[in-house]
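A.B. asks:
Chains as they are written, first to last, in the numbering used here: chain A, 32 to 527; chain B, 32 to 527.
(1) I'd like the list of long-range same chain contacts for residue 339/A, defined as Cβ closer than 7 Å, with 5 residues on each side in sequence excluded.
(2) In whole angstroms, give me the CA-to-CA distance for residue 167/A and residue 313/B.
(3) Can you tell me whether residue 203/B is buried or exposed, with buried defined as 16 or more other CB within 10 angstroms of its CB?
(4) Name, please, each residue of chain A whose Cβ falls closer than 9 Å to the Cβ of residue 129/B.
(5) Return the CA-CA distance between residue 258/A and residue 514/A, expressed in angstroms with no decimal places.
(6) Give me whichever residues DSSP pairs with residue 274/B in a beta bridge.
(7) Residues of chain B with CB under 7 Å from residue 52/A, in chain order?
(8) So which residues of chain A does residue 49/B contact, with C-beta pairs closer than 7 Å?
(9) Please tell me whether residue 36/B has its Cβ less than 8 Å away from any Cβ of chain A.
(10) Expressed to the nearest angstrom, what Euclidean distance is found between the alpha-carbon atoms of residue 426/B and residue 150/B?
(11) Between which two residues does the alpha helix (DSSP H) containing residue 492/A stretch?
(12) With a 10 Å radius around its C-beta and 16 neighbouring C-beta atoms as the bar for buried, classify residue 538/A as buried or exposed.
(13) Check the Cβ of residue 63/B against every Cβ in chain A and list those closer than 7 Å, keeping chain order.
(14) Anyone know if the C-beta pair for residue 517/B and residue 209/B falls short of 8 Å?
(15) Cα separation between residue 522/A and residue 222/A?
(16) To the nearest angstrom, how far is it from the Cα of residue 216/A to the Cα of residue 520/A?
(17) Three-state secondary structure (DSSP) at residue 437/A?
(18) To which residues does DSSP link residue 530/B through a beta bridge?
(19) Nearest by alpha-carbon distance to residue 244/B: which of 110/B, 342/B, 170/B, 318/B is it?
(20) Take residue 267/B as the anchor and find which of 162/A, 490/A, 73/A has the nearest alpha-carbon.
(21) For residue 251/A and chain B, any beta-carbon pair shorter than 8 Å?
(22) Please specify which runs of the alpha helix (DSSP H), each continuous and at least 4 residues long, are wholly inside the region 86-113 of chain B, giving them in chain order.
(23) Between the region 131-141 of chain B and the region 322-335 of chain B, are three or more C-beta pairs nearer than 8 Å?
(24) For chain B, find out if any of its Cβ atoms is closer than 8 Å to the Cβ of residue 95/A; answer yes or no.
(25) So is residue 272/A buried or exposed if we call it buried at 16+ other beta carbons inside 10 Å?
(26) Give a yes or no on whether the minimum CB-CB distance between residue 248/A and chain B is below 8 Å.
(27) Could you give the DSSP three-state label for residue 510/B: helix, strand or coil?
(28) Could you name each continuous beta strand (DSSP E) segment of 3 residues or more that falls completely within the region 392-458 of chain B, going from the start of the chain to the end?
(29) Quick one: using the 10 Å Cβ neighbour count with 16 as the cut-off for buried, is residue 121/B buried or exposed?
(30) Mind reading off the beta-carbon distance from residue 41/B to residue 79/B? Whole number of angstroms is fine, and I expect it under 8 Å.
(31) In the DSSP assignment, find the unbroken alpha helix (DSSP H) run with residue 62/A in it and report its ends.
(32) Hey, is residue 293/A's beta-carbon within less than 8 Å of any beta-carbon in chain B?
(33) Run through DSSP, which three-state label would residue 314/B get?
(34) Kindly indicate which residue of 418/A, 107/A, 405/A has the alpha-carbon position closest to the one of residue 386/A.
(35) Cα separation between residue 214/B and residue 206/B?
(36) Can you name the start and end residues of the alpha helix (DSSP H) that residue 143/B belongs to?
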């Protein structure tokens with residue numbers, strides 16, 4: 032006889048498969064789909080979204096979950112599976128169908144309007160669509176949890192358990208400490224970046240980056256690298272985890288750090304327990320934890336002196352015109368810092384200030400303290416306050432990011448959560464494993480990966496980001512390790 | 032108020048989307064999926080098959096179809112839409128669920144056993160799995176239509192309206208006329224094929240083939256070419272029709288004829304009426320008609336003298352080492368003929384004898400005149416009878432094709448139907464348009480494509496293959512134009 036628990040897992044497997052199919056279609060859309068394929072693809076994705084929604088809301092799944100609670104012991108993994116399924120189903124059933132439809136439509140309109148507004152650098156072309164998105168997402172927050180502040184509900188869509196109250200002092204601390212650091216670097220004058228500039232053939236960049244990814248532990252037999260416009264990592268089960276990249280011909284740092292970043296995400300996905308495939312817990316936990324894994328390899332490893340001691344001969348072999356570059360030059364060129372207008376091009380330190388700007392604006396929006404019409408001015412003023420610079424136009428200002436046009440409010444803070452958690456994890460790993468830089472210098476990355484597998488990857492979605500962080504480090508969320516790390520890096524590069 | 036007809040179309044659109052998703056996943060599986068991705072992909076595809084089956088068998092679709100009949104005029108396109116949906120739904124509902132499951136399992140087992148048996152060249156490793164597949168497909172035939180001979184039911188899965196009785200005299204005629212022709216070519220001694228042999232860089236082959244495909248009218252903005260093991264054409268709506276290829280480094284004919292073949296399929300798919308997207312009629316008609324379109328471009332165009340008069344300068348530019356080759360040499364090298372053991376490597380004339388062998392065996396199997404254990408000997412004897420040669424081992428004999436291992440019985444004859452129909456259509460097009468070779472020689476392929484668009488492509492699945500053939504040519508199925516064409520080609524190449 033099949034238990035209700037088994038029934039629940041069988042039904043969940045189908046939901047997971049529909050999500051996998053959706054992910055393949057989205058990957059194809061961003062990599063190989065011919066230009067005219069877009070309209071049909073939109074319809075297919077919409078139908079699959081409907082199939083997923085129907086399966087999540089099916090009466091037989093609801094019944095299987097309810098009955099399964101009686102079959103499993105509390106504190107067991109099975110219980111965690113049931114509870115996770117229960118949570119997901121309840122979330123899916125909270126949103127009234129007409130609100131879900133209105134949001135999907137507003138997102139679709141929002142994207143089109145945003146693209147146009149950015150092209151024309153004219154906020155008025157996007158203002159009404161963005162107002163609609165904010166209004167509908169305020170409604171969505173109320174539908175999901177009327178007892179929680181709206182912005183906290185939004186934040187919890189991407190990182191469960193995080194609150195605005197928790198983040199305010201952290202972003203205050205980041206802003207307070209990083210702004211003077213970045214200014215000091217600017218005052219110290221430019222670093223010699225010539226070892227990272229020049230002509231870098233795409234194939235050579237690709238081969239070099241994949242050599243690094245493979246050395247990190249990314250399994251190309253269970254993944255692949257393809258070209259795209261906005262790089263991402265996507266997964267169709269533990270054994271098919273793909274990464275994408277773009278590159279600059281005249282600066283190899285962009286391509287390499289992008290691949291190390293996405294391969295870091297990929298290692299998390301490839302490291303989840305295969306036994307849990309197609310179950311509710313077979314999923315990474317929050318986006319902050321996910322970002323911590325990408326930042327670990329991009330920043331803590333890829334911009335470190337130990338790493339370049341090992342990697343430099345490979346770099347010289349890949350790019351013979353740069354054979355004269357020293358490890359010291361390269362490490363400095365990897366750790367430049369300067370105030371900048373565009374988030375996605377920002378350095379490791381400045382990045383967090385870009386996030387702080389967006390956090391500041393989002394929380395005011397969802398507290399009804401400002402309206403959409405206030406955003407261009409608020410954006411510029413907040414950049415002036417935090418980074419001391421101001422965009423010449425809205426395309427490089429309030430219109431630079433796609434997130435709000437997609438209805439993603441509360442997403443940005445997970446980028447800084449990732450940086451903060453990454454530094455905490457690195458510190459804990461080093462306390463346990465000893466000098467990591469010494470092992471990187473020998474080309475040994477397995478100790479770090481093993482520690483991440485053990486402490487993070489193998490747990491799937493069994494624990495929240497903050498629970499995992501506590502288990503792995505003994506600590507609550509804390510920005511100090513990140514700040515120490517950034518000060519050390521930037522000071523070394525600029526001789527502060 | 033939404034009519035039942037509109038309701039039916041909306042539900043059909045979702046079925047069509049699920050089929051599109053399945054096609055993307057299958058395309059990815061054959062092109063870019065990393066090796067370890069296969070198990071998870073199998074599960075996703077199986078779940079999508081279940082979703083499609085559930086949507087086809089949904090009570091609301093059945094009700095919408097029944098009610099829609101009363102809303103549309105007979106002889107209207109709308110009526111044809113309803114009737115087509117009705118037919119598909121009835122087909123899907125005929126197969127009992129346990130039989131469908133048993134067949135899916137037998138196909139999965141069959142593929143694994145076949146691959147192994149072919150590798151070991153040992154029929155006994157596949158015999159029991161093939162017996163099971165034959166047994167289950169006999170049951171399937173009885174379930175689909177107990178009043179029709181089993182093999183006719185199988186044939187109708189791929190080409191509606193075709194019967195064994197209709198095909199027997201046709202394959203007799205092909206065998207009787209082609210065997211002596213092929214023998215005469217062999218006796219006349221080899222043709223000089225040096226202009227097609229040598230070293231052909233993959234990129235140059237690709238560029239040359241795509242120049243031809245584009246000249247044919249294949250729209251790369253609504254499609255793309257990728258590498259695969261077993262080339263195919265696949266479609267996710269009229270505006271995303273992809274082709275795949277493989278090539279030989281030492282003989283450019285394989286890659287080029289493969290691309291022209293698949294692009295021929297692609298032109299059919301791209302030529303369907305966009306207004307019918309996601310409706311029951313938005314589909315090519317039977318496989319024989321589809322194959323006629325691929326063969327049209329691969330053979331009637333791609334191996335013709337007129338084509339090479341235009342193409343030769345492009346060939347010489349693409350492959351400078353072959354700049355000395357003449358049009359006459361090339362046309363001969365494109366029309367060689369010799370008895371061969373492997374169907375997929377066979378020339379235009381011999382190909383039909385390979386099909387005749389399989390037709391002969393399949394019809395005996397489904398008339399219960401032979402059993403699976405008889406197949407290796409029957410295979411060899413039939414090859415000896417029809418082609419005068421015999422394989423040294425079962426890997427090159429009865430185990431060479433994947434079709435039976437996939438449970439596809441009755442599929443092979445559509446290959447020869449395609450060749451026959453192609454020659455009939457070409458004759459009719461030329462009667463209407465005048466000397467096609469003269470237009471090919473000027474690089475003008477639009478007249479032929481226009482004629483195919485008008486007479487075939489624009490009709491989607493509104494008419495059966497044989498209805499379309501009759502409308503376009505005024506004729507029933509007839510092998511004479513194909514035989515005349517082949518005799519002319521082979522005679523010219525060998526100076527018979």
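Built from N, CA and C at the ideal position, the CB exists for glycine as well.
C.D. replies: From the atom records:
(1) Its chain contains 358, 361, 362 as the residues whose beta carbon lies nearer than 7 Å to that of residue 339/A, once the 5 sequence neighbours on both sides are disregarded; these appear in chain order.
(2) 37 Å
(3) Exposed, by the Cβ-count rule.
(4) Under the 9 Å cutoff, chain A gives no residues; its nearest Cβ is about 17 Å from residue 129/B.
(5) 33 Å
(6) 256/B, 264/B
(7) 52, 56, 75, 79
(8) 78
(9) no
(10) 7 Å
(11) Note, residue 492/A: premise wrong, no alpha helix (DSSP H); not H, not E.
(12) Absent from the structure is residue 538/A, since the part of chain A shown begins at 32 and ends at 527.
(13) 255
(14) At the C-beta level, residue 517/B and residue 209/B come within 8 Å of one another.
(15) 12 Å
(16) 11 Å
(17) Secondary structure at residue 437/A: helix, using DSSP grouped into helix, strand and coil.
(18) A query on residue 530/B cannot be resolved here, the shown segment of chain B reaching from 32 to 527 and no further.
(19) 342/B
(20) 73/A
(21) yes
(22) 90-99
(23) no
(24) Chain B contact via Cβ: absent.
(25) buried
(26) no
(27) coil
(28) none
(29) exposed
(30) The Cβ separation is near 19 Å, so there is no contact.
(31) Residue 62/A: member of the alpha helix (DSSP H) spanning 35-62, first to last residue.
(32) With a threshold of 8 Å between beta carbons, residue 293/A makes no contact with chain B.
(33) coil
(34) 418/A
(35) Cα-Cα distance, rounded: 12 Å.
(36) 128-151
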